[in-house]
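Trainee: This is the structure I have questions about; it appears just below.
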Amino acid sequence: DAKTTQPTSMDCAEGRAANLPCNHSTISGNEYVYWYRQIHSQGPQYIIHGLKNNETNEMASLIITEDRKSSTLILPHATLRDTAVYYCIVRVPSGGGADGLTFGKGTHLIIQP
Amino acid sequence: EADIYQTPRYLVIGTGKKITLECSQTMGHDKMYWYQQDPGMELHLIHYSYGVNSTEKGDLSSESTVSRIRTEHFPLTLESARPSHTSQYLCASSGYPGLAGGGAKNIQYFGAGTRLSVL
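Respectively, the protein sequence lines represent chains A and B.
Everything in the first sequence is counted per the working numbering, starting at 345 for the first residue and increasing by one.
Everything in the second sequence is counted per the working numbering, starting at 43 for the first residue and increasing by one.
What follows is the structure, given as structure tokens:
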């Protein structure tokens with residue numbers, strides 16, 4: 345799996361868009377970008393994934409640069425319940441072997457009232 | 043929405059006891075996983091399974107064991123609990139690419155976790 349780099353923590357005001365960056369400069373052509381989040385004391389929750397096109401679902405938008413070396417997760421209208429650790433993971437969809445996710449340290453997003 | 047359940051949510055137990063952490067999913071997923079996470083630390087894969095009668099060790103060595111007799115059930119057992127086993131244990135499942143219910147692109151769905159404290 346390609347290595348990712350994320351800021352340790354970020355603040356965002358409630359109601360504003362939260363933009364979480366992720367660098368993955370060593371990503372290979374068949375690797376996808378996945379985002380998960382973990383709210384305190386709970387299991388991780390899948391948010392969104394993409395290969396090279398921008399993606400949007402009911403939770404968030406994912407913007408991937410043209411060279412695919414970085415991406416941004418956007419929460420359009422952040423609420424207090426979005427306070428969590430956000431993980432950017434780059435991997436092939438199913439590579440055989442252990443197939444577990446490598447979470448890293450993620451970004452602790454704090455939504456301020 | 044994911045349907046994967048872990049019990050108990052919290053467990054406090056004395057040293058030397060045998061414990062089993064339960065994990066069940068109703069999505070028909072073939073792949074299941076156990077992760078371990080200490081407070082404020084990263085998740086680490088300790089066990090996984092491709093399907094019935096398949097169990098493998100993960101990236102992080104663990105004294106726990108797992109079994110997969112039924113597709114929907116993936117329990118984790120510690121034969122003799124020790125304080126060093128105190129941690130949060132998270133179960134997850136995913137389907138094979140191309141199948142419905144999380145199979146596409148290998149999305150993993152997690153349970154709420156079991157927080158284990160061994161005194």
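For every residue, glycine included, the Cβ atom is placed at its ideal position computed from N, Cα and C.
The structure displayed is predicted, hence computed values, not measured ones.
Hey, S136 (chain B) and F116 (chain B): beta-carbon distance below 9 angstroms or not?
Mentor: For S136 (chain B) and F116 (chain B), no; Cβs fall outside 9 angstroms.
Trainee: For L424 (chain A) versus I391 (chain A), is the C-beta spacing smaller than 9 angstroms?
Mentor: Result no, Cβ atoms of L424 (chain A) and I391 (chain A) do not sit closer than 9 angstroms.
Trainee: Under three-state DSSP, which class holds L424 (chain A)?
Mentor: L424 (chain A) falls in the helix class under three-state DSSP.
Trainee: Quick check on I111 (chain B): buried or exposed, where buried means 16 or more other Cβ atoms within 10 Å of its Cβ?
Mentor: Exposed, because fewer than 16 other Cβ atoms sit within 10 Å of the Cβ of I111 (chain B).
Trainee: Below 7 angstroms CB to CB, which residues in the same chain sit around K396 (chain A) once its five sequence neighbours on both sides are set aside?
Mentor: I408 and R412.
Trainee: Does DSSP put S126 (chain B) in a helix, in a strand, or in coil?
Mentor: If DSSP states are grouped into helix, strand and coil, S126 (chain B) belongs with the helices.
Trainee: Determine the direct distance from the alpha carbon of I46 (chain B) to that of I55 (chain B), and round the result to whole angstroms.
Mentor: Those two C-alpha atoms are separated by around 24 angstroms.
Trainee: Looking at the structure shown, is N401 (chain A) part of a helix, part of a strand, or coil, going by DSSP?
Mentor: N401 (chain A): coil per DSSP, three-state reduction.
Trainee: Here's the rule I'm using: 16 or more other beta-carbon atoms within 10 Å means buried, otherwise exposed. How should T49 (chain B) be labelled?
Mentor: The residue in question, T49 (chain B), is exposed, as its Cβ has fewer than 16 Cβ neighbours within 10 Å.
Trainee: So, with DSSP's three-state summary, where would you put N374 (chain A)?
Mentor: Coil.
Trainee: So is Q67 (chain B) in contact with chain A if we call contact Cβ pairs under 9 angstroms?
Mentor: Not one chain A Cβ lies under 9 angstroms of Q67 (chain B).
Trainee: Using only alpha-carbon positions, find the residue among A:V436, A:R360 and A:P420 that is nearest to N401 (chain A).
Mentor: Cα-wise, what sits closest to N401 (chain A) is A:P420.
Trainee: Between the region 387-403 of chain A and chain B, which residues of the former have a C-beta closer than 8 angstroms to a C-beta of the latter?
Mentor: Listed in sequence order: G387, P388, Q389, Y390 and H393.
Trainee: DSSP on R367 (chain A), reduced to helix/strand/coil?
Mentor: The question names Arg, but residue 367 (chain A) in the sequence shown is Asn. Three-state result, N367 (chain A): strand.
Trainee: Compute the Euclidean distance between the alpha carbons of G444 (chain A) and P457 (chain A), then round it to the nearest angstrom.
Mentor: The alpha-carbon atoms of G444 (chain A) and P457 (chain A) are separated by roughly 36 angstroms.
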